[in-house]
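Okay, so here's the structure we're looking at.
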């Protein structure tokens with residue numbers, strides 16, 4: 001029986017960069033469970049933007065598909081979970 005998949009836009013911080021893109025995982029699953037319970041060492045991110053996060057570094061890449069070693073993930077969250085701060089709301093007007 002094939003498990004139904006869904007795509008979710010995520011932001012992933014690694015020690016030296018930030019990756020924004022899409023991952024596929026079982027429909028209805030929590031992102032945290034997918035990362036911690038999935039036995040695979042790598043996760044595939046598609047339509048990815050990779051940006052430097054260190055001071056004085058300004059490189060960035062656009063990559064169709066990148067495999068990320070889960071051991072190097074500092075944090076990961078769904079892009080849809082991001083809420084604007086009060087400062088961000090003020091800047092919208």
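Numbering (our numbering), first residue to last: 1 to 93. Glycine included, C-beta positions come from ideal geometry on N, C-alpha and C. Quick caveat: nothing in here was measured; it's all calculated off a predicted structure.
Under 8 Å: do the segment 63–72 and the segment 29–45 share three or more Cβ pairs, one atom per stretch? These segments touch.
Considering only the alpha carbon of each residue, which of 7, 61 and 14 lies closest to residue 76? Here residue 76 refers to the residue found at position 76 when the chain shown is read from its first residue. Closest option to residue 76, Cα to Cα, is 14.
Near residue 74, what residues of its chain come up, given a Cβ to Cβ distance below 7 Å and the 5 sequence neighbours on each side ignored? The residue given as residue 74 occupies position 74 in the chain shown. Taking C-beta separations shorter than 7 Å and ignoring five residues to either side along the sequence, the partners of residue 74 in its chain run 13, 14 and 15, following chain order.
Among 38, 62, 32 and 24, which residue has its Cα nearest to the Cα of residue 17? If you number the chain shown from 1, residue 17 lands on position 17. Considering only 38, 62, 32 and 24, the residue with the shortest C-alpha distance to residue 17 is 62.
Among the candidates 50, 36, 56 and 2, whose CA atom is the shortest distance from the CA of residue 21? If you number the chain shown from 1, residue 21 lands on position 21. 50 is the residue among 50, 36, 56 and 2 whose C-alpha sits nearest the C-alpha of residue 21.
What residues are listed by DSSP as bridge partners for residue 21? Along the chain shown, one-based indexing puts residue 21 at 21. Looking at the DSSP output, residue 21 shares a beta bridge with 10.
What span of residues does the beta strand (DSSP E) with residue 46 cover, start to end? Residue numbering aside, residue 46 sits at position 46 when the chain shown is read from its first letter. Residue 46 -> beta strand (DSSP E) spans 42–52.
Check the C-beta distance from residue 120 over to residue 79 and give it rounded, since I have them as a contact under 8 Å. Given a span of 1 to 93 for the chain in the structure shown, any question on residue 120 remains unanswerable.
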